[in-house]
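Asks: Please see the structure below; I have some questions.
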Amino acid sequence: MNLPNSINPVIRDLKPSGIRKFFDLASTMDNVVSLSIGEPDFATPWHIRDVGIYSLEKSRTHYLANAGLAELREEITKYASRRFGLSYQPQNVLVTVGGSEAIDLACRVLLAPGDEVIVPEPSFVCYEPLCRMAGASVIRLRTQAEDEFRVKPEALEAAITPRTKLLILSYPNNPTGAILRKEDVEALADVIRKHDLFVLSDEIYAELTYGGERHFSFGAVEDLKERVLVVNGFSKAYAMTGWRLGYVMGDEYLIKMMTKLHQFGIMSAPTTSQYAACEALREGDEDIDAMREEYDDRRRIILDGLANLGLACFEPKGAFYVFPEIVSTGLDSESFCEALLREERVAVVPGNAFGDSGEGFVRISYAASLENISKAMERMESFLKRHRD
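Shown next as structure tokens:
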């Protein structure tokens, strides 16, 4: 049997994640400082873990409603209103297995063969594969450092064709740390209205913005709510990556369609995680603020370190990544990362893992201790001295 010819060609031809490649390689080596994975280095706050443990002690170990625990969906709407001024009801919420499942469900519900999706790049690695698995084609929209990696309305307008159905936005952005301000969202909203597009707004880093900037959600544009799906979750804001819990908010009919698909593929998100998430939403605001402050300190330190190394870097205002240019080394992104890992035992991610427009950059996560950030900067200094001479 020729197994490759027996596999769905869309799946067979997908490239593996460029992020995981370097993480997996680093895991086979000793003395590696890894700034590659976007995972908080904080433990989930104790009061959240405690509620999860208590739910197990009380034998809350059974399936929950497909859409999620009613109590949790209510808390999500209160949180969204309190933190971002959003007005949703529990029937507008679906609890998912991480934000990634929500993105997958949205793509499969909205898209059909022949549809086009606009994905601004650099972008997180899952969007294009999930669109392709839904039968749609992807139009890559390049963003640039000189524009602070924001989508410009005129560029969006130029990318739209009669087949365009969906725009995927991810701000605060992974990998660049870029944000969209209210005026940016409103300018894009004009184009979206004109062309009747759907918007999938991945806002998983919404709580992590700096310098007095507060995230402005696409869900706050009231006249577009019927065609906007807002994805968020607990991984980044509450350091709950392993709990695998996210959610999506949107029009009630769209949420019903996504719940139907979720019902057949997943049944319900993890029970223990949902009870813990209720505690996070009720009592976790101070945890978010404390972690954000710590990330901001690291952000400033790593930006200063990169400047001292002579690496140009746009100042990120969100998430926990920096995206410096490495063209001065004469190496492409992948060669830079491979050599840095091999020679200095520092793991970062090549910019082209996030699309072709990321070539010439690398992504560095500062969701790491100050000790490891300092150690990585020292090793990078040695590396750059050799590769610039």
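Residue numbers for the sequence shown follow my numbering, beginning at 670 and rising by one.
Note that beta-carbon positions come from the ideal geometry of N, C-alpha and C, so glycine has one too.
The structure presented is a predicted model; accordingly, all values stated were derived computationally and were not measured.
Could you give the DSSP three-state label for Ala981: helix, strand or coil?
Replies: Coil, per DSSP.
Asks: Can you tell which of Gly783, Gly767, Glu817 and Glu994 has its C-alpha closest to the C-alpha of Cys795?
Replies: Of Gly783, Gly767, Glu817 and Glu994, the residue nearest in Cα terms is Gly767.
Asks: Taking Arg1055 as part of the alpha helix (DSSP H), name the residues at either end of that continuous run.
Replies: Run containing Arg1055: Leu1039 to Arg1057, per the alpha helix (DSSP H) assignment.
Asks: Please classify Thr845 as buried or exposed, where buried requires at least 16 other C-beta atoms within 10 Å of its C-beta.
Replies: Burial state of Thr845 is buried, judged by a 10 Å Cβ sphere holding 16 or more other Cβ atoms.
Asks: In three-state DSSP terms, what is Tyr964?
Replies: helix
Asks: Ends of the alpha helix (DSSP H) at Glu852?
Replies: Element bounds for Glu852: Lys851 to His864.
Asks: Verify whether the separation of the beta carbon atoms of Gln760 and Ile924 is less than 9 angstroms.
Replies: yes
Asks: Tell me whether the beta-carbon of Phe885 lies closer than 9 angstroms to the beta-carbon of Val917.
Replies: Between Phe885 and Val917, the C-beta spacing is not below 9 angstroms.
Asks: On the DSSP bridge assignment, give the partners of Arg1032 in chain order.
Replies: Val1018
Asks: So the candidates are Met936, Ala949, Met1046 and Thr998; which of them puts its Cα closest to the Cα of Tyr732?
Replies: Met936
Asks: Can you tell me where the alpha helix (DSSP H) holding Val778 begins and where it ends?
Replies: Gly767 to Leu779
Asks: Taking the CB atoms as reference points, tell me whether Thr713 and Ala959 lie closer together than 9 angstroms.
Replies: The answer is no: Cβ separation not under 9 angstroms.
Asks: For Ala988, which residues from the same chain have a beta carbon less than 7 angstroms from its beta carbon, with the 5 sequence-adjacent residues on both sides left out?
Replies: Pro841, Asn842, Asn843, Gly846, Tyr874 and Leu877
Asks: Of the choices Asp710, Leu725, Phe903 and Glu826, whose alpha-carbon is the least far from that of Asp865?
Replies: Glu826
Asks: If the criterion is Cβ atoms closer than 9 angstroms, does the pair Asn1021 and Glu1003 meet it?
Replies: Contact: yes.
Asks: DSSP three-state call for Glu876: helix, strand or coil?
Replies: coil
Asks: If you draw a straight line from the alpha carbon of Leu738 to that of Ser839, how long is it in whole angstroms?
Replies: 27 angstroms
Asks: Cβ atoms of Val1015 and Leu694: under 9 angstroms apart, would you say?
Replies: no
Asks: If I measure Cβ to Cβ from Thr928 and keep anything under 6 angstroms in the same chain, skipping five residues before and after, which residues do I get?
Replies: So the qualifying residues of the chain are Asn735, Ala736 and Leu763.
Asks: Quick check on Met936: does DSSP put it in helix, strand or coil?
Replies: DSSP places Met936 in coil when its eight states are reduced to three.
Asks: What residues are listed by DSSP as bridge partners for Leu835?
Replies: Its beta-bridge partners are Val786 and Phe867.
Asks: In this structure, how does DSSP classify Ser806 when only helix, strand and coil are distinguished?
Replies: In the three-state scheme derived from DSSP, where H, G and I count as helix and E and B as strand, Ser806 is classed as strand.
Asks: Between the Cα of Ala636 and the Cα atoms of Val788, Val1017 and Gly1024, which residue gives the shortest distance?
Replies: There is no way to answer for residue 636, as the model of the chain reaches only from 670 to 1058.
Asks: Of the residues Glu1028, Ala946 and Ala775, which one's Cα is nearest the Cα of Leu930?
Replies: Of the candidates Glu1028, Ala946 and Ala775, Ala775 places its Cα closest to the Cα of Leu930.
Asks: Tell me, please, which residues DSSP counts as bridged to Glu994.
Replies: Phe1030
Asks: Give the secondary structure of Tyr796 by DSSP, where H, G and I count as helix, E and B as strand, and everything else as coil.
Replies: It is helical.
Asks: Which same chain residues, not among the five before or five after Ser1043, have their C-beta less than 7 angstroms away from its C-beta?
Replies: none
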